[in-house]
Structure formats: C-alpha cells, structure tokens
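Trainee:
Residue numbers (my numbering): 715 to 1339.
Rendered as structure tokens:
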C-alpha cells in the first residue's frame, strides 16, 4: 500500500531575502557603475548582466524606491556639477553647440542607465505612476541645465538670432537649430510647453515683426510685381524652414503669420488687379508657360484673402476689357487660364461675363472675315470692328465723337452689312474704346502712330491746317471737354510730342492753339501714344462708398435684397439677428455686408411689401407671400 509523503515548499523570498549589508553592497556596485557611465566610461569592472541582476534583485526585494531615488540623485549631481557649468560658461556664439553636445552625451548615457533599470521601470515605476527612468533623466536635465541661471534665455536668444541671420541670407548651421529644437521638444516629456516657452512664442512674435518690416520697406521702394515675386520667394523660404527644423504645428502657425503679414495685410483689390494687368501686358512676354502658371496660382492664393471679391471682379473686368479692346494682352492662353482658375475658385457665375468677352471676340473675328469677303477690301481705310454684347462688357463709355469724312463711309458700310445680317438688332459705335493706326509724314520719314479713336479724329483735322485752337477741335470732333483735354495732353507730352501746345502747363483754355510738330523724331517707326490719366476710371464713384465702385454698391444692394427674400421665403418667420447673420453667411463668398447695410435693405423690402414686422414682436419678420 502506497504511503503519503508531505512536501514542504519554502518561501522564495525567505530563501533569498537580502539583509542590510547585501542591499548596501548591491547599491554600491550599481552606484559605481552609474557614476562611471555618467563620467563617460563604460560600466566598470562588472558586466551588464551582473548589474542588471543587481537592479532586478533590489526591485524584487522591495527596494525599488531606494534605487529610483538614488539614481535620480546621481544624475542630478552629475548635471549640476559638470554639465550645467559647462553650458552656462560657454560664449554666446557657442552656447547652442555646447548644449547640443552635452545633450547628445546625456541622451546616450540615459539610454545605458535605463537599459540597466528596465525591471525597475516595469515592476516599480509603472505601477506607481511615476516617470520612467529615461523621462526622469530628461526632466533632471531640464531642471538642472536648461533652467540653470540664464541658460534658457541665452538659448532662446541665440536660436532667434540664428534664424534672423538665415532670413538675411547668411550661412547658418541648420542642423544645429534642428538638434536644439528637437531637444526642447523631448524635454517637455510628452508636452510642448518647454519648446513653446523657450522658442515658439518668441519665434512667432519676431517672425511677425520681421515680415511686417520687410514687406513695408520693400513695398515702399519697389513695384507691385516685384513685391509679389519677393513675397512668393519669402513664402517658399519659410516653407523650407518648416521642413528643415520646425515642428508641423509651428509650421501651421508660421504659415498663418506669413500669409497675414505678406498677403492679407497688403492685399488690396486694385493692387492685385493692376499687378495682373502689368503681367498680361508685358511681364508674361518673356516667361515660360510653367512660370506663367506659377504666377497665376500665386495670384489666386492672394485672391483668397480678399474679402470683397465683387470689387476684384469689377476691377478685373474693366482692365481685361481694356487689354482685349486695345489688343495689348501678350497671351490669350494665359488670360483663359486665369479665368479657369477663378472659375474653379468662385464658380461659373463669377466668370460668366469674362468668358462672354472672349466669346464676343471670337464671333467678331468670324464676322469680319465674312464682311471682307462680302464687300471686298479695296479701300483706303481699313476697318476692324469688334461686336460687343452689352451685358458682357462692364463699362462701355457713352462718350462719342464725330468720325472723319474718310472713315464714316466705311463705318456706314459695315453698319448696313451687319444689320442686314442680323435683323432686329441695334448697333452703336463705342468710339471711346477703339484704337487706330495713323500714318504721319515728317521730315521725309513716315511714322506709324497707334492712337485712340478720339486722337485719330482730332489728328485728321491737322491735314487741313497746321495750327488749330482747342475750341475749333472740340466743335469739329464733338468730343466732350474733359476727354478732349486728356487726349490732347497725351499728344503733347515729352514722350510723344506729336503736337505742340501753345502755352506751358497742363491747363487748356478755349483759345489755346495746338500745332503739328514738324520736327517730330523717333528711333522707332511704330509709336504707341499712351493716354494720360487725369482721373482713374477704376476709382470713379468709389470715393463716396469707401473705395467700392458705384456699380458694385448697386449690385450689392440687389444681392442683399435677393438673399433676404430667399431666406425669408424658406424660413417664413425669423428674428432680426438671425436674418442678418444668415444674410452675411450667404454673401460672404463675394463680399462681407455690414449689419447696418443689411438692416437698411430689410427696411427697403418692408416698404416694398416683401416682408413685414411681426405684430407680436417688432424684432421678428414675417414673409409676405
């Protein structure tokens, strides 16, 4: 019969319990090894496995707190006695390099120590929600080195000075900046507070100050096109800076600062339109298609920051009209590309009239081919008429003039031909928009003058007399006084000198005499006469409306009326504040109406019985079906 035997299993901890001397001996061995590591040496005489077991046994026998605190004190003592004085004593120009070197060494030493104390992290630190050995070591570096004396202030200043030097075109050690900023991020131990307080806050503030000063100074000394190219180059440089050493979040914040300082604060609607006009007239002539597309994309980026897009539309249409009718655009393809980009940005309604302009030009070319085919081309005066649909062209001036006897028959022939082809239509000559090529024989040399239609009409008078008075010219041409003065002065400027003004100065009296300049000379056979601008057509009617053209003000009223009626028709009844907010929200993609303007349009619609005030609450409106 089998007998039972009892086995007694002794407690593991009882068998291996450390006494005081063993604990002290184990700690001394670990301390010696850690001090050796901190001093830049290896683990000393003992192997990594032996030291790992020592740390393991201390944690196993409930001495994790002693081990953790002891290691922390060793790291702190080393940093305070060796590292902090080395960094604090470095010259200003070397403080970043010294800090980077000390940091790199500290990270390497910390890794070795944390590898030895892996069991401490796993079995003691984590259950007690304490900082892991690595993170504790980083915090000690922050407290003992970065916060020592004025080290953080010196580091911040040196970083910003290095960035400033880079912006001014000086060679800088970008890897040094990248390493220092990476250190600041890591010293936050899961937080960006150190990075933000030491670097980012001051960096963004100084970036804003630098960009504002640079943009203002550059604008004061250069042209609009030069500024946009400069702004584009600066944006690219700052984007590169983000990629090289800034965090993604700082990159987003810096981009907002750059766009605000370089674009938003200088984005003037007319300024942007004039830049485009200059590029389409001359700037794109020497650019490759890729460069043109890049410039147009940059303009669209700036366009996004414009609040009053309807004002941009008004100015852009007028300048496009001038380019197309004077045949001054260097590239129809570039013009169409810009329209496509605007259409993608704002929708087809925004560009419908712009596209209509090009449709009119295409149709006109076809009709002129038919006209020449039907009527022949054996005429002393050649005509090239452009048929414009009134709705597409924003501001066809009603200014008119009396065509010369040599031109009128050709104009009448074209009118008769066109009306015969298109019954029911009305055709009126917009002579203020036309151009002409006039031959001038002077000193046995023939010159071709590219002038406005008005100038062609008044120059024709000088075939009969070398000298004419202002009143005689006005009577014979039928041109209004302001326009006639503008066109005459343009012919008398030092750059043109086709006519000689009787008296000095820009003032013209009724008895002022103008004489043909028989000594006219030019290195070019073909000369374009530029019109002086006595009063900018772009600004007409804008002074009374805060810089917004009069036609845009009227269009805004109609758009606000339509939006209010549409909202009330859908909602039936609405409080005043809600109606104002909803109207602004709907229209903000074109312009941002003022609450007072919306209120005025509401009152207008009440008077017209589209909506009515509620009998129960004066702040509530009801839709009138």
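Here a beta-carbon is modelled for each residue, glycine too, at the ideal position from N, C-alpha and C.
The alpha helix (DSSP H) spanning residue 1043 covers which residue range?
Mentor: That residue, residue 1043, is in no alpha helix (DSSP H); it is neither H nor E in DSSP.
Trainee: Taking only beta-carbon atoms, is residue 835 less than 9 Å away from chain B?
Mentor: You won't find chain B in this structure, because it holds only one protein chain.
Trainee: With distances taken between CB atoms, is the gap from residue 847 to residue 835 smaller than 9 Å?
Mentor: Going by C-beta atoms, residue 847 is nearer than 9 Å to residue 835.
Trainee: Can you give me the C-alpha to C-alpha distance between residue 1282 and residue 1315, rounded to a whole angstrom?
Mentor: Spanning the two alpha carbons is a distance of roughly 13 Å.
Trainee: Where do the N-terminal and C-terminal ends of the beta strand (DSSP E) with residue 1120 fall, by residue?
Mentor: Note, residue 1120: premise wrong, no beta strand (DSSP E); not H, not E.
Trainee: Note down the Cα distance separating residue 817 from residue 795, rounded to an integer number of angstroms.
Mentor: Cα to Cα, the separation comes out at about 15 Å.
Trainee: Please specify which runs of the alpha helix (DSSP H), each continuous and at least 4 residues long, are wholly inside the segment 935 to 963, giving them in chain order.
Mentor: Whole alpha helix (DSSP H) segments, 4+ residues: 938 to 959.
Trainee: Using the Cα positions of residue 833 and residue 907, report the straight-line distance between them to the nearest angstrom.
Mentor: One C-alpha to the other measures close to 30 Å.
Trainee: When the Cα atoms are used, what is the spatial distance from residue 1084 to residue 1098?
Mentor: Using only the alpha carbons, I get a separation of about 12 Å.
Trainee: Residues in the same chain with beta-carbon distance under 6 Å from residue 1184, minus the five sequence neighbours each way, listed in chain order, please.
Mentor: Same-chain partners within the cutoff: 1222, 1224 and 1226.
Trainee: Among 1168, 1169 and 1082, whose alpha-carbon lies nearest the alpha-carbon of residue 1135?
Mentor: Residue 1082 is the option with its Cα nearest to residue 1135.
Trainee: Determine the burial state of residue 842: buried for a count of at least 16 other Cβ atoms within 10 Å of its Cβ, exposed for fewer.
Mentor: It counts as exposed.
Trainee: With a CB to CB cut of under 8 Å and the five nearest residues on each side skipped, what residues in its chain are close to residue 665?
Mentor: Nothing in the structure corresponds to residue 665, since the chain is present only between 715 and 1339.
Trainee: Under 8 Å by Cβ, that's how I've got residue 1307 and residue 1270 pegged, so tell me the actual separation to the nearest angstrom.
Mentor: Right, the Cβ-Cβ distance comes to about 7 Å (below 8 Å), so this counts as a contact.
Trainee: May I ask which residues mark the beginning and end of the beta strand (DSSP E) holding residue 770?
Mentor: Where residue 770 is concerned, there is no enclosing beta strand (DSSP E), although the alpha helix (DSSP H) it sits in stretches over 762 to 774.
Trainee: To the nearest angstrom, how far is it from the Cα of residue 984 to the Cα of residue 1131?
Mentor: One C-alpha to the other measures close to 40 Å.
Trainee: Which residue marks the beginning of the alpha helix (DSSP H) containing residue 1324, and which one marks its end?
Mentor: No alpha helix (DSSP H) contains residue 1324, which DSSP labels as neither H nor E.
Trainee: Can you tell me whether residue 1258 is helix, strand or coil according to DSSP?
Mentor: Because residue 1258 sits at a pLDDT of 38, beneath the cut-off of 50, its placement in the model cannot be relied upon, and the point is left open.
Trainee: So, residue 1100 versus residue 1078, is the Cβ gap smaller than 9 Å?
Mentor: Contact flag set, yes.
Trainee: Just to confirm before moving on: does the CB-CB distance between residue 1214 and residue 1229 stay below 9 Å?
Mentor: Yes, the pair counts as a contact, with Cβ atoms nearer than the cut-off.
Trainee: Are residue 773 and residue 838 touching if we call contact CB-CB under 9 Å?
Mentor: For residue 773 and residue 838, yes; Cβs fall inside 9 Å.
Trainee: Just how far apart, CA to CA, sit residue 1043 and residue 1103?
Mentor: Whole-angstrom Cα-Cα distance: 20 Å.
Trainee: In or out: residue 735 buried (at least 16 other Cβ within 10 Å) or exposed?
Mentor: Exposed, since its Cβ has fewer than 16 Cβ neighbours within 10 Å.
Trainee: Relative to the C-alpha of residue 1329, which residue among 1287, 1299 and 1293 is closest?
Mentor: Among 1287, 1299 and 1293, the Cα nearest to that of residue 1329 belongs to 1287.
Trainee: Just tell me which of 1171, 881, 880 and 909 has its CA closest to the CA of residue 894.
Mentor: The shortest C-alpha separation from residue 894 is found at 909.
Trainee: At the level of alpha carbons, what is the spacing between residue 960 and residue 1074?
Mentor: Whole-angstrom Cα-Cα distance: 52 Å.
Trainee: With distances taken between CB atoms, is the gap from residue 820 to residue 853 smaller than 9 Å?
Mentor: Not closer than 9 Å, so no.
Trainee: Less than 8 Å between the CB atoms is what I'm expecting for residue 1143 and residue 1125, so what's the real figure, rounded?
Mentor: Indeed, because the Cβ distance is near 7 Å, the residues count as touching under 8 Å.
Trainee: For residue 1166, which of helix, strand or coil comes out of DSSP?
Mentor: Three-state DSSP puts residue 1166 in a strand.
Trainee: Can you tell me the Cβ-Cβ gap for residue 932 and residue 877, rounded? I've got them flagged as a contact below 8 Å.
Mentor: Between residue 877 and residue 932 the Cβ distance is about 19 Å, and since that is not below 8 Å, they are no contact.
Trainee: Just the Cα atoms here: how many angstroms apart are residue 1325 and residue 1266?
Mentor: Each residue's alpha carbon lies about 25 Å from the other.
Trainee: I'd like to check one pair, residue 850 with residue 751: are the Cβ atoms closer than 9 Å?
Mentor: No; because the gap between Cβ atoms is not below 9 Å, this pair is not in contact.
Trainee: In this structure, does DSSP put residue 1158 in helix, strand or coil?
Mentor: If DSSP states are grouped into helix, strand and coil, residue 1158 belongs with coil.
Trainee: My parser needs the alpha helix (DSSP H) runs of 4 or more residues fully inside the segment 1058 to 1103; what are they?
Mentor: Fully enclosed alpha helix (DSSP H) runs of 4 or longer: 1062 to 1089.
Trainee: Measure the Cβ-Cβ separation of residue 1303 and residue 1060 and say whether it is below 9 Å.
Mentor: In this structure, residue 1060 lies closer than 9 Å to residue 1303 by Cβ.
Trainee: Rounded to the nearest angstrom, what separates residue 1002 and residue 994 at their Cα positions?
Mentor: Near 13 Å, if we compare the C-alpha coordinates of residue 994 and residue 1002.
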